[in-house]
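Numbering (our numbering), first residue to last: 1 to 258.
No residue lacks a Cβ here, since even glycine has one placed at the ideal position from N, Cα and C.
Since we're looking at a predicted model, the values are computed, not measured.
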(Lines of atoms letter the chains of each structure in order from A; the text may use other names.)
(Lines give C-alpha, C1' and ligand atoms only; values in the text may rest on other atoms or scores of the structure.)
Protein backbone atom coordinates (compact mmCIF):
# COMPACT_ATOMS: atom_id res chain seq x y z
CA UNK A 1 0.00 0.00 0.00
CA UNK A 2 1.32 3.42 -0.98
CA UNK A 3 0.64 5.90 1.80
CA UNK A 4 -0.05 9.53 1.00
CA UNK A 5 0.30 12.67 3.06
CA UNK A 6 1.36 16.30 3.27
CA UNK A 7 4.66 18.15 3.45
CA UNK A 8 4.13 21.68 4.77
CA UNK A 9 7.00 24.17 4.44
CA UNK A 10 6.95 27.09 6.88
CA UNK A 11 9.35 29.13 4.74
CA UNK A 12 6.90 29.21 1.82
CA UNK A 13 3.73 30.02 3.76
CA UNK A 14 2.45 33.59 3.18
CA UNK A 15 -0.50 33.35 5.57
CA UNK A 16 -3.12 33.78 2.87
CA UNK A 17 -5.39 31.13 4.47
CA UNK A 18 -6.44 29.84 1.05
CA UNK A 19 -6.02 26.32 2.43
CA UNK A 20 -8.46 27.06 5.28
CA UNK A 21 -11.06 28.41 2.88
CA UNK A 22 -10.66 25.55 0.39
CA UNK A 23 -10.97 22.98 3.19
CA UNK A 24 -14.17 24.51 4.51
CA UNK A 25 -15.66 24.95 1.06
CA UNK A 26 -15.00 21.41 -0.15
CA UNK A 27 -16.02 19.68 3.08
CA UNK A 28 -19.05 21.87 3.72
CA UNK A 29 -17.78 23.04 7.09
CA UNK A 30 -19.61 25.95 8.70
CA UNK A 31 -18.06 29.38 9.00
CA UNK A 32 -16.73 30.46 12.36
CA UNK A 33 -18.21 33.37 14.30
CA UNK A 34 -14.89 35.13 14.59
CA UNK A 35 -14.10 38.39 16.29
CA UNK A 36 -10.85 40.04 17.23
CA UNK A 37 -9.02 37.75 19.63
CA UNK A 38 -5.99 39.93 20.26
CA UNK A 39 -3.79 37.02 19.22
CA UNK A 40 -2.07 38.84 16.38
CA UNK A 41 -3.87 38.26 13.06
CA UNK A 42 -4.77 34.69 13.97
CA UNK A 43 -8.47 34.58 14.77
CA UNK A 44 -9.02 30.88 14.09
CA UNK A 45 -6.55 30.14 16.91
CA UNK A 46 -6.59 26.36 16.64
CA UNK A 47 -7.76 23.28 14.80
CA UNK A 48 -11.29 22.27 15.74
CA UNK A 49 -14.23 20.11 14.70
CA UNK A 50 -15.14 22.74 12.10
CA UNK A 51 -11.64 23.99 11.20
CA UNK A 52 -9.59 21.12 9.78
CA UNK A 53 -6.83 23.44 8.54
CA UNK A 54 -5.42 26.25 10.65
CA UNK A 55 -2.84 28.81 9.51
CA UNK A 56 -0.89 29.97 12.53
CA UNK A 57 0.09 33.63 12.84
CA UNK A 58 2.51 33.69 15.77
CA UNK A 59 4.99 36.39 16.67
CA UNK A 60 8.40 35.59 18.12
CA UNK A 61 11.64 37.39 18.77
CA UNK A 62 13.88 37.73 15.74
CA UNK A 63 17.56 38.39 15.41
CA UNK A 64 18.56 42.01 15.91
CA UNK A 65 18.34 44.04 12.74
CA UNK A 66 18.74 47.60 11.66
CA UNK A 67 15.84 49.72 12.71
CA UNK A 68 15.15 47.78 15.92
CA UNK A 69 15.00 49.91 19.05
CA UNK A 70 14.76 49.26 22.76
CA UNK A 71 11.13 50.33 22.62
CA UNK A 72 10.34 48.14 19.61
CA UNK A 73 12.20 44.83 19.82
CA UNK A 74 12.65 42.93 16.56
CA UNK A 75 9.84 40.48 15.83
CA UNK A 76 9.12 37.96 13.11
CA UNK A 77 6.09 36.04 11.97
CA UNK A 78 5.85 32.29 12.28
CA UNK A 79 3.38 31.25 9.57
CA UNK A 80 2.46 27.60 9.28
CA UNK A 81 -0.61 25.70 8.09
CA UNK A 82 -1.43 23.02 10.66
CA UNK A 83 -3.50 19.89 10.05
CA UNK A 84 -4.13 16.38 11.40
CA UNK A 85 -0.83 14.48 11.40
CA UNK A 86 -2.31 11.11 10.31
CA UNK A 87 0.10 9.37 12.69
CA UNK A 88 1.45 5.90 12.07
CA UNK A 89 0.83 5.22 15.78
CA UNK A 90 -2.50 6.97 16.08
CA UNK A 91 -3.61 7.50 19.69
CA UNK A 92 -7.15 8.30 18.57
CA UNK A 93 -7.42 4.95 16.80
CA UNK A 94 -6.15 3.09 19.86
CA UNK A 95 -8.71 4.81 22.10
CA UNK A 96 -11.78 4.35 19.87
CA UNK A 97 -14.05 1.65 21.38
CA UNK A 98 -16.29 1.20 18.34
CA UNK A 99 -13.74 0.86 15.54
CA UNK A 100 -14.97 4.09 13.99
CA UNK A 101 -11.42 5.34 13.39
CA UNK A 102 -9.61 3.37 10.70
CA UNK A 103 -6.68 3.65 8.31
CA UNK A 104 -7.75 3.75 4.68
CA UNK A 105 -6.07 2.42 1.56
CA UNK A 106 -4.33 5.80 1.20
CA UNK A 107 -2.78 5.60 4.66
CA UNK A 108 -4.75 8.37 6.34
CA UNK A 109 -6.54 8.12 9.67
CA UNK A 110 -10.25 8.41 8.93
CA UNK A 111 -13.27 8.80 11.23
CA UNK A 112 -16.33 6.89 10.00
CA UNK A 113 -19.27 9.10 11.01
CA UNK A 114 -21.82 6.28 10.79
CA UNK A 115 -19.91 4.24 13.40
CA UNK A 116 -18.72 7.01 15.75
CA UNK A 117 -20.85 7.12 18.91
CA UNK A 118 -19.54 10.46 20.13
CA UNK A 119 -17.92 9.05 23.29
CA UNK A 120 -15.01 11.47 22.97
CA UNK A 121 -12.30 9.01 24.08
CA UNK A 122 -10.28 9.94 21.01
CA UNK A 123 -10.05 13.62 21.95
CA UNK A 124 -7.59 13.37 24.89
CA UNK A 125 -5.81 10.46 23.17
CA UNK A 126 -4.46 12.74 20.42
CA UNK A 127 -1.11 14.19 21.55
CA UNK A 128 -1.48 17.05 19.05
CA UNK A 129 -4.93 18.25 20.12
CA UNK A 130 -6.33 17.74 16.64
CA UNK A 131 -9.52 15.72 16.92
CA UNK A 132 -12.64 17.26 18.47
CA UNK A 133 -16.37 16.63 18.87
CA UNK A 134 -18.67 18.60 16.62
CA UNK A 135 -21.21 20.17 19.02
CA UNK A 136 -24.36 19.73 16.92
CA UNK A 137 -23.97 16.13 15.75
CA UNK A 138 -21.75 15.13 18.69
CA UNK A 139 -19.37 13.19 16.42
CA UNK A 140 -15.58 13.23 16.26
CA UNK A 141 -14.31 15.40 13.40
CA UNK A 142 -10.93 16.14 11.80
CA UNK A 143 -9.14 16.24 8.45
CA UNK A 144 -10.10 13.34 6.17
CA UNK A 145 -7.26 14.01 3.69
CA UNK A 146 -10.19 14.69 1.34
CA UNK A 147 -10.84 10.96 1.06
CA UNK A 148 -13.58 11.51 -1.51
CA UNK A 149 -11.20 13.49 -3.71
CA UNK A 150 -8.47 10.86 -3.39
CA UNK A 151 -10.85 8.14 -4.57
CA UNK A 152 -11.58 10.29 -7.63
CA UNK A 153 -7.87 10.76 -8.37
CA UNK A 154 -7.68 14.39 -7.18
CA UNK A 155 -5.41 15.87 -4.53
CA UNK A 156 -6.79 17.38 -1.30
CA UNK A 157 -8.42 20.78 -1.65
CA UNK A 158 -5.95 22.55 0.64
CA UNK A 159 -2.89 21.44 -1.34
CA UNK A 160 -4.53 22.37 -4.63
CA UNK A 161 -5.42 25.84 -3.33
CA UNK A 162 -1.99 26.69 -1.88
CA UNK A 163 -0.49 29.37 -4.20
CA UNK A 164 3.13 28.93 -3.07
CA UNK A 165 3.37 25.13 -2.77
CA UNK A 166 3.87 25.52 0.95
CA UNK A 167 1.55 22.48 1.16
CA UNK A 168 2.62 19.60 -1.07
CA UNK A 169 0.67 16.34 -1.35
CA UNK A 170 2.05 13.00 -2.48
CA UNK A 171 3.42 9.60 -1.47
CA UNK A 172 4.96 9.80 2.00
CA UNK A 173 8.24 8.25 0.84
CA UNK A 174 8.63 10.92 -1.86
CA UNK A 175 7.76 13.70 0.58
CA UNK A 176 10.35 12.42 3.04
CA UNK A 177 13.08 12.67 0.40
CA UNK A 178 11.82 16.07 -0.75
CA UNK A 179 11.74 17.32 2.83
CA UNK A 180 15.29 16.14 3.51
CA UNK A 181 16.57 17.96 0.39
CA UNK A 182 14.73 21.13 1.40
CA UNK A 183 16.15 21.02 4.92
CA UNK A 184 19.69 20.69 3.55
CA UNK A 185 19.14 23.60 1.17
CA UNK A 186 17.79 25.87 3.92
CA UNK A 187 20.68 25.01 6.25
CA UNK A 188 23.12 25.88 3.48
CA UNK A 189 21.41 29.28 3.28
CA UNK A 190 22.16 29.90 6.94
CA UNK A 191 18.94 28.66 8.57
CA UNK A 192 20.79 26.25 10.85
CA UNK A 193 17.82 25.38 13.08
CA UNK A 194 15.76 23.99 10.19
CA UNK A 195 14.27 20.58 10.92
CA UNK A 196 11.86 18.14 9.32
CA UNK A 197 9.23 17.38 11.95
CA UNK A 198 7.39 14.09 11.79
CA UNK A 199 10.06 11.45 11.28
CA UNK A 200 9.76 7.96 12.77
CA UNK A 201 10.47 8.96 16.37
CA UNK A 202 7.33 11.17 16.40
CA UNK A 203 4.28 8.91 16.93
CA UNK A 204 5.85 6.26 14.73
CA UNK A 205 6.14 8.75 11.87
CA UNK A 206 3.66 11.34 10.63
CA UNK A 207 2.02 11.26 7.21
CA UNK A 208 1.74 15.04 7.54
CA UNK A 209 5.23 16.46 8.07
CA UNK A 210 6.48 19.98 8.57
CA UNK A 211 9.62 21.92 7.68
CA UNK A 212 10.29 24.53 10.35
CA UNK A 213 13.22 26.92 10.84
CA UNK A 214 12.71 27.58 14.54
CA UNK A 215 12.17 25.40 17.63
CA UNK A 216 9.13 23.19 17.05
CA UNK A 217 7.49 24.53 20.22
CA UNK A 218 7.08 27.88 18.43
CA UNK A 219 4.58 26.12 16.17
CA UNK A 220 2.71 24.27 18.94
CA UNK A 221 4.36 21.01 17.89
CA UNK A 222 5.35 18.84 20.86
CA UNK A 223 8.99 17.78 20.76
CA UNK A 224 8.30 14.36 22.26
CA UNK A 225 4.55 13.58 22.06
CA UNK A 226 3.36 10.61 24.08
CA UNK A 227 0.54 8.33 23.04
CA UNK A 228 -1.68 7.18 25.94
CA UNK A 229 -0.92 3.51 25.28
CA UNK A 230 2.72 4.29 26.12
CA UNK A 231 1.61 4.91 29.70
CA UNK A 232 0.01 1.48 30.11
CA UNK A 233 3.19 -0.46 30.94
CA UNK A 234 4.63 2.14 33.38
CA UNK A 235 1.21 2.47 35.01
CA UNK A 236 0.82 -1.29 35.31
CA UNK A 237 4.28 -1.67 36.82
CA UNK A 238 3.54 1.11 39.30
CA UNK A 239 0.28 -0.59 40.29
CA UNK A 240 2.04 -3.93 40.76
CA UNK A 241 4.76 -2.28 42.85
CA UNK A 242 2.12 -0.59 45.02
CA UNK A 243 0.28 -3.90 45.50
CA UNK A 244 3.48 -5.70 46.46
CA UNK A 245 4.34 -2.94 48.93
CA UNK A 246 0.89 -3.27 50.49
CA UNK A 247 1.30 -7.04 50.77
CA UNK A 248 4.68 -6.62 52.45
CA UNK A 249 3.26 -4.10 54.90
CA UNK A 250 0.30 -6.36 55.77
CA UNK A 251 2.62 -9.33 56.22
CA UNK A 252 4.89 -7.30 58.48
CA UNK A 253 1.99 -6.10 60.61
CA UNK A 254 0.42 -9.54 60.99
CA UNK A 255 3.79 -11.13 61.77
CA UNK A 256 4.42 -8.60 64.51
CA UNK A 257 1.21 -9.57 66.32
CA UNK A 258 2.18 -13.21 66.75
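Point to revise | DSSP-derived helix/strand/coil call for residue 19 | key: Within the chain shown, numbered from 1, the residue matching residue 19 stands at position 19. It is helical.
Point to revise | Buried versus exposed call for residue 142 [16 or more other C-beta atoms within 10 Å across all chains shown] | key: Counting from one through the chain shown, the residue named residue 142 turns up at place 142. Residue 142 comes out buried.
Practice item. Go ahead and pull the three-state DSSP assignment for residue 87. Key: Mapped onto the chain shown, residue 87 falls at position 87. DSSP places residue 87 in strand when its eight states are reduced to three.
Review point. By the 10 Å Cβ neighbour count, where 16 or more other Cβ atoms means buried, how is residue 109 classified, buried or exposed?
Key: On the chain shown, residue 109 is found 109 positions in, with the first residue counted as 1. Looking at its Cβ environment, which holds 16 or more other Cβ atoms inside 10 Å, residue 109 is buried.
Exercise for review: Find out if the Cβ-Cβ distance for the pair residue 87, residue 159 is shorter than 7 Å.
Suggested key: As a first step, residue 87 is located in the chain shown; it is residue number 87 there, counting from the start. As a first step, residue 159 is located in the chain shown; it is residue number 159 there, counting from the start. No, they are not a contact pair.
Check your understanding: When the Cα atoms are used, what is the spatial distance from residue 95 to residue 137?
Key -> If you number the chain shown from 1, residue 95 lands on position 95. If you number the chain shown from 1, residue 137 lands on position 137. Straight-line Cα distance between these residues: approximately 20 Å.
**Study point:** Beta-carbon separation (whole angstroms), residue 209 vs residue 175, contact threshold 8 Å
**Key:** Taking the chain shown and counting its residues from 1, one reaches residue 209 at position 209. Taking the chain shown and counting its residues from 1, one reaches residue 175 at position 175. 6 Å between Cβ atoms; contact.
Check your understanding: For residue 43, does the three-state DSSP call read helix, strand or coil?
Key -> Here the question's residue 43 lines up with position 43 in the chain shown. In this structure, residue 43 counts as coil in the three-state DSSP scheme.
Check your understanding: Excluding five sequence neighbours on each side, which residues of the same chain lie with their C-beta closer than 8 Å to the C-beta of residue 98?
Key -> On the chain shown, residue 98 is found 98 positions in, with the first residue counted as 1. Correct list, in chain order: 115, 116, 117 and 119.
**Study point:** Span separating the alpha-carbon of residue 15 from that of residue 9
**Key:** Taking the first residue of the chain shown as position 1, residue 15 is located at position 15. Taking the first residue of the chain shown as position 1, residue 9 is located at position 9. Their backbone Cα atoms lie some 12 Å apart in a straight line.
Check your understanding: Taking just the CA atoms, how far does residue 171 sit from residue 134?
Key -> Numbered from its first residue, the chain shown carries residue 134 at position 134. Numbered from its first residue, the chain shown carries residue 171 at position 171. So the alpha carbons of these two residues sit roughly 30 Å apart.
Exercise for review: Please state whether DSSP places residue 175 in a helix, a strand or coil.
Suggested key: For this step, residue 175 is matched to residue 175 along the chain shown. Of the three classes helix, strand and coil, the one that applies to residue 175 here is helix, per DSSP.
Practice item. Within 10 angstroms of the Cβ of residue 31, are there 16 or more other Cβ atoms? Answer buried if so, exposed if not. Key: Translated into positions along the chain shown, residue 31 becomes position 31. So residue 31 ends up on the exposed side.
Practice item. For residue 103, name the three-state secondary structure that DSSP assigns. Key: Translated into positions along the chain shown, residue 103 becomes position 103. DSSP places residue 103 in strand when its eight states are reduced to three.
Check your understanding: What does a CB cutoff of less than 7 Å around residue 12 pick up in its chain, not counting 5 residues either side in sequence?
Key -> Position 12 of the chain shown, counted from the first residue, corresponds to residue 12. Hits under 7 Å: 164, 165 and 166.
Practice item. Return the CA-CA distance between residue 200 and residue 224, expressed in angstroms with no decimal places. Key: Along the chain shown, read from residue 1 onward, the residue named residue 200 stands at position 200. Along the chain shown, read from residue 1 onward, the residue named residue 224 stands at position 224. Between residue 200 and residue 224, the C-alpha separation is close to 12 Å.
**Study point:** residue 52 in three-state terms, based on DSSP
**Key:** As a first step, residue 52 is located in the chain shown; it is residue number 52 there, counting from the start. In this structure, residue 52 counts as coil in the three-state DSSP scheme.
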